[in-house]
Each structure stands twice: as structure tokens, then as C-alpha cells.
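Have a look at the structure below, then the notes.
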Amino acid sequence: MGERDLTTEVYCHDLTTESRCCLCGCRHKQNKAAIRLMDRAQVAGRQMVGDVCYRCVTLGPQGAAQLMVQRADQRAKGAVMIATENVEQLAETSCVLATPAFDPQWLADKIKVIPESQWATNEDLAWAELEKEVPDNLDAAHKKQWMAEHLQERVKQFRERMIEW
Ligand SMILES: [Zn+2]
């Protein structure tokens, strides 16, 4: 694992639920699995920092870190109006804003250097979802084929699960 502390990974929770991205703060729908930011050395004070949305996953470590700082900055200035929820609710659920003295730039610097090998992709997440849906009556080889056939279509659906953008 080396000295790198932060990583993202797919996890299954078996819930059809909504979550808020711990980086950009946007709400999104989840279907039984998600990607989370993990803090192996607890550099940010806790092991699981939070869920990461489809867009931040796509942006990659550098792009997501940049968006996080930008959004935190906009929200701090009150420039971004949240359509369905107020800012206090947002602060409760977003790790970026939940800690009063928290410096988003500090976390962004840690995220930026996450190597690609430790950054889960939307394909990884789609695969985890499809594993739960693959018909039982197929043998192992056909299960894999079924999942491969549905992979790109599933990844495309992720964009529609973003409630805020
Ligand atoms: Zn996000």
C-alpha cells in the first residue's frame, strides 16, 4: 500500500438510497452499492470519509479535488443556492463542511495525489451492481458475459442518478 493514505473503493450496502458526495456535496441516488473515500491513516480524523458521487469518480483525483475546493468556496460565500435543502442541512451531511475548522484545500491536497490504482471507477461500481442482478441460472462464464454486456449501459445511467449537479 505504500505511504499513500487515501483511497476510494466500491462497497455494497444493499440499499436503494440517496447520499451526499463527501467531495462536491451533491446528492445522488445509489443502487445497493457505492464508492467511498477511505482514510487508511485517518489523516482526516476518521476511517471512512464519505461517499463519492459518479461525477467525482469520473473526474478522477485531481478533478474531484478541484471541484471540492470550488464548491466549498462557493458555499462558504453563499453563492450556490441549494434548491431543495438549506445550507445547515448540507453542513450536517457533508464532511467538507461539517467540521468548522476543516480546510477543504488540505483534504484536496491529499486527494490529488491518490494514484489511479487506488481510485475506483464507475465501471468497478457498475460491475458490483450487476453482480447482484445477474440471473442465477447462468453458469460462471455466461454470468461474466452477461455482466460485460450490460456494463457500459449501466455506467451511462449513473449520470441520471445525480439529483444535484
Ligand atoms: Zn461529487
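Under the numbering used here, the first residue of the sequence shown is numbered 1404, with each subsequent residue one higher.
Each residue gets a CB set at the ideal place from its N, CA and C atoms; glycine is no exception.
Check: residue i C-beta below 8 Å from any heavy atom of ligand 1
| i | result |
| --- | --- |
| Ala1468 | no |
| Val1413 | no |
| Val1516 | no |
| Arg1439 | no |
| Val1558 | no |
| Leu1426 | yes |
| Arg1458 | yes |
| Val1455 | yes |
Reduced DSSP secondary structure (H/G/I, E/B, other) of residue i
| i | result |
| --- | --- |
| Cys1415 | strand |
| Glu1567 | coil |
| Gln1433 | strand |
| Ile1438 | strand |
| Val1516 | coil |
| Asp1527 | helix |
| Met1484 | Caution applies to Met1484, whose pLDDT of 44 falls short of 50 and renders its modelled position unreliable; the value that the coordinates give is listed next. Met1484: coil per DSSP, three-state reduction. |
| Leu1426 | coil |
For residue j and residue i, the rounded distance between their alpha carbons
| i | j | result |
| --- | --- | --- |
| Gln1555 | Val1472 | 30 Å |
| Ala1501 | Thr1419 | Residue confidence for Ala1501 is low, a pLDDT of 44 falling below 50, so the modelled location carries little weight; the figure read from the coordinates is stated next. Taking the straight line joining both Cα atoms gives about 25 Å. |
| Thr1410 | Asp1442 | 7 Å |
| Cys1427 | Met1550 | 30 Å |
| Ala1529 | Ile1517 | 21 Å |
| Gly1453 | Glu1534 | 23 Å |
| Trp1509 | His1553 | 38 Å |
| Val1558 | Met1451 | 24 Å |
| Thr1496 | Cys1456 | Any reading at Thr1496 needs caution, since the residue's pLDDT is 46, under 50, leaving its predicted position unreliable; the model's value is listed next. Cα-Cα distance, rounded: 14 Å. |
| Cys1415 | Ser1422 | 14 Å |
For residue i, the first and last residue of its enclosing alpha helix (DSSP H)
| i | result |
| --- | --- |
| Gly1463 | Tyr1457 to Ala1479 |
| Gln1548 | Ala1543 to Gln1560 |
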